[in-house]
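Q: Dropping a structure here in structure tokens format, bear with me for questions.
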Amino acid sequence: MAEPLFAGMRLVGGTALALQYGHRQSVDLDLFGRLPDDIFLLQHYTLRELMTFYRRKYPEHSEFRALMSLSYFEDAEEQLMPRMFSTLTWETVKATILREVQHV
Numbered sequence: 001m002a003e004p005l006f007a008g009m010r011l012v013g014g015t016a017l018a019l020q021y022g023h024r025q026s027v028d029l030d031l032f033g034r035l036p037d038d039i040f041l042l043q044h045y046t047l048r049e050l051m052t053f054y055r056r057k058y059p060e061h062s063e064f065r066a067l068m069s070l071s072y073f074e075d076a077e078e079q080l081m082p083r084m085f086s087t088l089t090w091e092t093v094k095a096t097i098l099r100e101v102q103h104v
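Numbering (this note's numbering), first residue to last: 1 to 104.
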């Protein structure tokens, strides 16, 4: 976790156990920390920068699929909007993500 993006974060969950015990392969990361998540990352990084981090971490995975997943909102549409500490709306979240995906 030498990447500056992960400074102040902790690796948790199954991946942390897999690294500690060496009992299985893990392909995802569960991180806890003070970094903003989701849409708030776009206030600190461009999507192009985030995709660079993604390619570095997952060179065997499809960048195209990751970008397509970002603009798939059907499942999220069925969820309640979390209680926010800002005036951010779901419509703004979708518009921001779609705009960023188009610029990658």
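All residues carry an ideal CB built from backbone N, CA and C; glycine is no exception.
In three-state terms, what does DSSP make of residue 99?
A: Looking at residue 99 - three-state DSSP - the assignment turns out to be helix.
Q: Measuring only the C-alpha atoms, how far is residue 35 from residue 8?
A: With a pLDDT of 47 at residue 35, under the threshold of 50, the modelled position of that residue is not reliable, and the figure given next carries that caveat. Roughly 8 Å separates the two Cα atoms.
Q: Can you say whether residue 100 is buried or exposed, counting buried as having 16 or more other CB atoms within 10 angstroms of its CB?
A: Buried, because 16 or more other Cβ atoms sit within 10 Å of the Cβ of residue 100.
Q: Rounded to whole angstroms, what's the CA-CA distance from residue 76 to residue 68? Just pull it up for me.
A: Taking the straight line joining both Cα atoms gives about 14 Å.
Q: Within this structure, are the beta carbons of residue 31 and residue 10 separated by less than 9 Å?
A: Yes, Cβ-Cβ distance for residue 31 and residue 10 is below 9 Å.
Q: Please name the residue in 81, 50, 90 and 4 whose C-alpha comes closest to that of residue 103.
A: Ranking 81, 50, 90 and 4 by Cα distance to residue 103 puts 50 first.
Q: Taking 9 Å as the threshold (C-beta atoms), are residue 13 and residue 24 in contact?
A: Against a cut-off of 9 Å, the Cβ pair of residue 13 and residue 24 comes out as no contact.
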